[in-house]
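Notes for the one structure printed next.
In the numbering used here, the protein residues as written are 10 to 510.
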């Protein structure tokens, strides 16, 4: 380990202090965008081994920026990654940083990542993905919204306090990694190792690594789905065969596989695996009301997807099946011919890949057993002599938080101050394992506080964050510091009075 010492103005501000901070952020927004441009220019793609040095460089740039604000920064070595070819590759270091140790103030820990998904202009980008480009108020570039923009917005908010010589109302800690897009290798082990050290005095954990459900209205995220990924392999021989020579006289693996994959869901999207819905949490009246109040434009969401029809016609139906009910998606087939043109081959071995997005209170080991048992049963009824192998390749548990936690109260107040309206309380249909990991290991309050809009295009071509969201997001984090500091003091005072009485 190496140790270092470390838009548009908001008309809804309710204090002179907030206005002062907002004015600073507005005046320096071009500087903040230039910083994002410098970060986007680093091709910190953690998926491709050849770019590992760029990921490490990005982590070190982030560490330098935190150190310049007065933070104590530790770069933690995480060891090596074993590649499919058997070679080992060093993992990029992980940042643990600390700013402030006042025992009278709450300690907020921010999690983010500075690695990105692969991107090439020829994939369909209208600009160079690693050159931040502003078009019509949108900042296009890989990592602009996932997750370099949000990480910088937190840092920009701290800079505003420091530049104005305003005392931070909270102690801050940062945990920033460079392998999130490649599975966060080493992160869970690091959190476990640091639970009694780095996290011991943390009160709240905030993650800014997801999006709103709307293009216009801000949101707070209190839950995500989990995920279990499966491989289903069918093999008939050792080599591919000519369909003119063997077609019609053998049990073809692809035919078996298509039948197996076709047995997983019905035409309404309902999963056909027996018992899969048994442990899904019941819908409460309190949760139902949260869905009713969410601003959700069905046509807008449909347009963003590029499809003409969804399985459900109502806002509640769409959102519940995105967030609180499981879904099964088939992703691809390995071993089958997929190039342009025709190749009349019978593949000897094919592997179907699918995943199930889990929700509370589904159990991974039970889901694994249900899937394997079901597919083996379907396969046995085909009387095929081929070999079947079903395996779970990876898994992550769902996460849900208490929306009445002080962390959410402070964030709601901050959003109201900056954006002038209450946020939508949403879940995320995707999987962000670190939220559940933090909650399970540290037992701290965890919240997801996004600043990217629904059309930000994370992981896709033309990823972007709007200038408005980036700058207002910086203000949001600054006001959040003030609100959580104030609320924490109020809770302490109330607790002290109760103890005295």
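Glycine residues also receive a C-beta, built at the ideal position from the N, C-alpha and C atoms. Values in this document were obtained by computation on a predicted structure and should not be read as measured data.
| residue 456 lies in the beta strand (DSSP E); which residues open and close that run? | 454-457
| Are the CB atoms of residue 173 and residue 479 nearer to each other than 8 Å? | no
| query | Can you tell me whether residue 260 is buried or exposed, with buried defined as 16 or more other CB within 10 angstroms of its CB? | reply | exposed
| request: State the DSSP-derived secondary structure class of residue 499, mapped to helix, strand or coil. | output: helix
| Segment limits, alpha helix (DSSP H) that includes residue 276 | From DSSP, residue 276 is part of no alpha helix (DSSP H); its letter is neither H nor E.
| query | Does the beta-carbon distance from residue 282 to residue 463 come in below 8 Å? | reply | no
| field | contact_flag[the stretch 298-306, the stretch 377-387] where n(CB pairs < 8 Å) is 3 or more | value | no
| Nonlocal neighbours in the same chain, by C-beta distance under 7 Å from residue 66, ignoring five residues either side | 51
| request: Taking all protein chains shown into account, decide if residue 395 is buried (16 or more other Cβ within 10 angstroms of its Cβ) or exposed. | output: buried
| field | Simplified DSSP assignment, three categories, for residue 408 | value | strand
| So, do the stretch 178-198 and the stretch 426-437 have three or more beta carbon pairs nearer to each other than 8 Å? | no
| said: Quick check: what's the CA-CA separation for residue 493 versus residue 62? | reply: 37 Å
| query | Are residue 105 and residue 167 touching if we call contact CB-CB under 8 Å? | reply | no
| field | Residue interval of the alpha helix (DSSP H) (run including residue 31) | value | 25-36
| Helix or strand or just coil, what does DSSP make of residue 298? | helix
| task | Identify every residue that forms a DSSP beta bridge with residue 361. | result | 241, 342
| Mind checking whether residue 199 and residue 103 have CB atoms under 8 Å apart? | yes
| query | With a CB to CB cut of under 6 Å and the five nearest residues on each side skipped, what residues in its chain are close to residue 393? | reply | 260, 265
| Can you give the Cα-Cα distance for residue 97 and residue 58, rounded to whole angstroms? | 10 Å
| query | Whose C-beta lies closer than 8 Å to the C-beta of residue 55 among residues of the same chain, with five residues either side of it excluded? | reply | 61, 64, 101, 124, 125, 187, 188, 189, 190, 191
| For residue 3, which residues from the same chain have a beta carbon less than 8 Å from its beta carbon, with the 5 sequence-adjacent residues on both sides left out? | Coverage of the chain is limited to positions 10 through 510, which leaves residue 3 absent and any answer about it impossible.
| said: Please state the DSSP three-state secondary structure of residue 184. | reply: strand
| field | residue 3 - containing beta strand (DSSP E), residue span | value | Here the chain has residues from 10 to 510 only, and residue 3 is not among them.
| request: Can you have a look at residue 92 and say buried or exposed, based on whether 16 or more other CB atoms are within 10 angstroms of its CB? | output: exposed
| Just checking my contact of residue 153 with residue 472 at CB under 8 Å: how many whole Å lie between their CB atoms? | 6 Å
| query | For the alpha helix (DSSP H) that residue 424 lies in, which residues bound it at each end? | reply | 415-428
| Which listed residue (155, 117, 405) has its alpha carbon closest to that of residue 465 | 155
| request: Spatial neighbours of residue 503 within its chain, please: CB distance less than 7 Å, with the 5 preceding and 5 following residues excluded, ordered by chain position. | output: none
| query | How many Å lie between residue 299 and residue 230 at the Cα? | reply | 12 Å
| If you draw a straight line from the alpha carbon of residue 419 to that of residue 175, how long is it in whole angstroms? | 20 Å
| request: State the start and end residues of the unbroken beta strand (DSSP E) segment that holds residue 213. | output: 213-216
| field | Residues of its chain near residue 26, where Cβ-Cβ distance is below 6 Å and the 5 sequence neighbours each way are ignored | value | none
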